[in-house]
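Peer 1: With positions in the sequence shown counted from 1, the corresponding number in our numbering is that position plus 499. A virtual CB, placed ideally from N, CA and C, is assigned to each residue, including glycine. Fair warning: this is a prediction, and the values are worked out from it, not measured in the lab.
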Amino acid sequence: MNIDVQLGSRSYAIVVERGALASVGARLKSLGVGSRAALVSAAGILSAHGKTVTESLEKAGFTVTTLEVPDGEAAKTLGVAERCWNALLEAGLDRTSTVLALGGGAVGDVAGFVAATYMRGVNFVQLPTTVLAQVDASIGGKTAIDHPRAKNLIGAFHQPRLVLSDPATLLTLPPREFKSGLAEIVKHGIVLDAAYFDDVAASARALLDRDPATLERIIGGSCRLKARVIERDEQEADLRAVLNYGHTIGHALEAASGYERWTHGEAVSLGMVAEARLARQLRLADASTVERQERLLTAVGLPTRAEGIDVDGVLTAMRRDKKSRDGRVPFVLAPTIGAFKVVYDVPPADVRAALASLAG
Ligand SMILES: NC(=O)c1ccc[n+]([C@@H]2O[C@H](COP(=O)([O-])OP(=O)(O)OC[C@H]3O[C@@H](n4cnc5c(N)ncnc54)[C@H](O)[C@@H]3O)[C@@H](O)[C@H]2O)c1
Ligand SMILES: [Zn+2]
Numbered sequence: 500m501n502i503d504v505q506l507g508s509r510s511y512a513i514v515v516e517r518g519a520l521a522s523v524g525a526r527l528k529s530l531g532v533g534s535r536a537a538l539v540s541a542a543g544i545l546s547a548h549g550k551t552v553t554e555s556l557e558k559a560g561f562t563v564t565t566l567e568v569p570d571g572e573a574a575k576t577l578g579v580a581e582r583c584w585n586a587l588l589e590a591g592l593d594r595t596s597t598v599l600a601l602g603g604g605a606v607g608d609v610a611g612f613v614a615a616t617y618m619r620g621v622n623f624v625q626l627p628t629t630v631l632a633q634v635d636a637s638i639g640g641k642t643a644i645d646h647p648r649a650k651n652l653i654g655a656f657h658q659p660r661l662v663l664s665d666p667a668t669l670l671t672l673p674p675r676e677f678k679s680g681l682a683e684i685v686k687h688g689i690v691l692d693a694a695y696f697d698d699v700a701a702s703a704r705a706l707l708d709r710d711p712a713t714l715e716r717i718i719g720g721s722c723r724l725k726a727r728v729i730e731r732d733e734q735e736a737d738l739r740a741v742l743n744y745g746h747t748i749g750h751a752l753e754a755a756s757g758y759e760r761w762t763h764g765e766a767v768s769l770g771m772v773a774e775a776r777l778a779r780q781l782r783l784a785d786a787s788t789v790e791r792q793e794r795l796l797t798a799v800g801l802p803t804r805a806e807g808i809d810v811d812g813v814l815t816a817m818r819r820d821k822k823s824r825d826g827r828v829p830f831v832l833a834p835t836i837g838a839f840k841v842v843y844d845v846p847p848a849d850v851r852a853a854l855a856s857l858a859g
């Protein structure tokens with residue numbers, strides 16, 4: 500599947516296809532970039548897929564430098580970015596060169612940040628290898644490293660020139676990582692497209708079995724939905740906030756539990772359940788809209804209950820949210836499946852009740 504992201508001079512293609520990694524050299528060459536490239540990745544991913552990418556690039560005439568970064572969130576530091584800048588200089592990369600990110604969202608975020616800042620911005624290619632990175636992090640041009648005080652605090656918008664998603668890479672993902680990524684897929688269905696939501700629901704079993712054709716169709720569908728949002732709101736002025744469904748409460752659950760108890764996707768699943776119930780309490784949504792969301796999250800193996808949560812701790816974390824203004828956070832709510840509404844003045848008592856219901 501080929502999806503064009505139309506952003507004027509910053510337009511690019513997302514290719515979701517089994518075997519896509521092996522085509523990176525030819526596709527990059529057709530963009531007319533310079534002959535030097537740097538492949539940024541973590542050890543485990545490099546040993547599984549590095550050779551495919553490097554060989555494809557070299558066959559197309561590129562000189563490739565490989566930069567190994569630490570695994571996971573540990574890659575998103577200023578120190579790692581600095582090591583990357585040094586290595587790019589050392590390897591003689593210039594303004595026409597390309598930085599490629601092979602890995603999950605963490606590798607994509609730090610490599611993207613390096614690409615955005617090195618010589619004020621060089622070509623960037625995303626080769627995402629987790630579900631979350633394929634349907635979410637690799638699309639839209641947000642790049643970041645973490646600050647000791649908060650995640651993703653230091654960053655830049657820098658769109659990739661190309662995104663190549665190979666669903667075959669997902670076969671080696673640990674089950675918990677795999678299922679976590681499905682939360683973003685369910686999110687896209689809930690707030691953006693009822694027919695897509697139904698397709699995901701009908702495909703839940705095949706998705707969990709990682710059936711290749713199903714993965715390609717569902718991941719491609721999610722990329723298309725996110726691309727349409729980015730095209731209309733590249734820098735998160737308003738519409739892009741729709742992608743925060745489940746995240747206002749989800750982020751607060753993650754922060755209040757010290758990022759230990761749940762993965763991001765699990766917290767977002769719980770956040771969607773709580774925000775669905777919040778919409779019901781505010782009489783924006785009916786009971787069946789809430790039930791359908793919970794049923795699909797359960798079907799794809801995501802949690803819908805959170806015993807023993809510290810409701811006050813979560814509320815405090817929510818007030819510290821980057822998106823909060825004057826201590827109030829806007830909520831994206833789903834009046835029906837396939838639609839959304841941003842609500843600014845949610846009474847704190849309703850948020851508290853929705854959170855408490857997660858524990859019940
Ligand atoms: N830029 C954005 O728009 C955006 C959006 C959402 C999330 N993010 C960021 O993405 C990051 C999370 O991304 P993630 O969930 O992909 O986590 P991750 O990048 O930390 O990867 C999770 C784990 O899976 C491993 N892995 C990756 N691909 C694999 C494969 N094919 N087989 C086996 N193991 C594999 C990684 O080595 C890592 O240990 C966070 O830092 C988050 O802030 C960015
Ligand atoms: Zn998310």
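Mind listing, in chain order, the continuous beta strand (DSSP E) runs of no fewer than 3 residues lying wholly within the stretch 657-733?
Peer 2: Taking only runs of at least 3 residues, the beta strand (DSSP E) segments lying wholly in the stretch 657-733 are 661-664.
Peer 1: Let me check understanding here. Comparing Cα to Cα, which of K575, L545 and V850 lies closest to T564?
Peer 2: Within the sequence shown, numbered from 1, the residue matching residue 564 stands at position 65. When each option's Cα is compared against that of T564, the closest is L545.
Peer 1: For G745, which of L626, R776 and L661 has the nearest alpha-carbon?
Peer 2: Indexing the sequence shown from 1 puts residue 745 at position 246. Comparing Cα positions, the closest option is R776.
Peer 1: Can you tell me where the alpha helix (DSSP H) holding N585 begins and where it ends?
Peer 2: The sequence position of residue 585 within the sequence shown is 86, counting from 1. From DSSP, the alpha helix (DSSP H) with N585 extends over L577 to E589.
Peer 1: Examine chain B for any beta-carbon lying closer than 9 Å to the beta-carbon of I513, and answer yes or no.
Peer 2: The structure shown has no chain B; it contains just one protein chain.
Peer 1: Does the separation of the CB atoms of P569 and G603 fall below 9 Å?
Peer 2: Mapped onto the sequence shown, residue 569 falls at position 70. Mapped onto the sequence shown, residue 603 falls at position 104. Contact flag unset, no.
Peer 1: Please state if the CB of A852 and the CB of Q780 are separated by a distance shorter than 9 Å.
Peer 2: For the purposes of this step, residue 780 is identified with residue 281 of the sequence shown, where counting begins at 1. For the purposes of this step, residue 852 is identified with residue 353 of the sequence shown, where counting begins at 1. Yes.
Peer 1: Going by Cα to Cα distance, which pick from V813, V841, P834 and V842 is closest to L857?
Peer 2: As a working mapping, residue 857 is identified with position 358 in the sequence shown. Of V813, V841, P834 and V842, the residue nearest in Cα terms is V813.
Peer 1: Compare the C-alpha of I717 against each of H548, D732, R727 and H687 and name the closest.
Peer 2: Locating residue 717 in the sequence shown gives position 218, where the first residue counts as 1. Comparing Cα positions, the closest option is H687.
Peer 1: Compute the minimum distance between the beta carbon of D608 and the heavy atoms of ligand 1, and state whether it is under 8 Å.
Peer 2: Within the sequence shown, residue 608 is the residue found at index 109, counting from 1. The answer is yes for D608.
Peer 1: Please state the DSSP three-state secondary structure of Q505.
Peer 2: Residue 505 sits at position 6 when you count from the first residue of the sequence shown. DSSP places Q505 in coil when its eight states are reduced to three.
Peer 1: DSSP three-state call for V813: helix, strand or coil?
Peer 2: The residue given as residue 813 occupies position 314 in the sequence shown. Residue state, collapsed to three classes: helix.
Peer 1: Considering just the uninterrupted stretch of the beta strand (DSSP E) at S768, what are its terminal residues?
Peer 2: Start at 1 with the first residue of the sequence shown, and residue 768 comes out as number 269. Note, S768: premise wrong, no beta strand (DSSP E); alpha helix (DSSP H) at H763 to Q780.
Peer 1: So which of G560, S596, L669 and L714 has the shortest CA-CA distance to R619?
Peer 2: One-based indexing of the sequence shown puts residue 619 at position 120. Ranking G560, S596, L669 and L714 by Cα distance to R619 puts S596 first.
Peer 1: Within 8 Å: the Cβ of D811 and any heavy atom of ligand 1?
Peer 2: Here the question's residue 811 lines up with position 312 in the sequence shown. No.
Peer 1: Tell me which same chain residues have a C-beta within less than 6 Å of the C-beta of M817, skipping the five on either side of it?
Peer 2: The count along the sequence shown starts at 1 and reaches residue 817 at position 318. For M817, where only same-chain residues beyond five positions count, the Cβ hits under 6 Å are A751 and V828.
Peer 1: DSSP three-state call for V828: helix, strand or coil?
Peer 2: By 1-based counting over the sequence shown, the position of residue 828 is 329. DSSP places V828 in coil when its eight states are reduced to three.
Peer 1: Are the Cβ atoms of V772 and T803 separated by less than 9 Å?
Peer 2: The residue labelled residue 772 in the question sits at position 273 within the sequence shown. The residue labelled residue 803 in the question sits at position 304 within the sequence shown. Yes.
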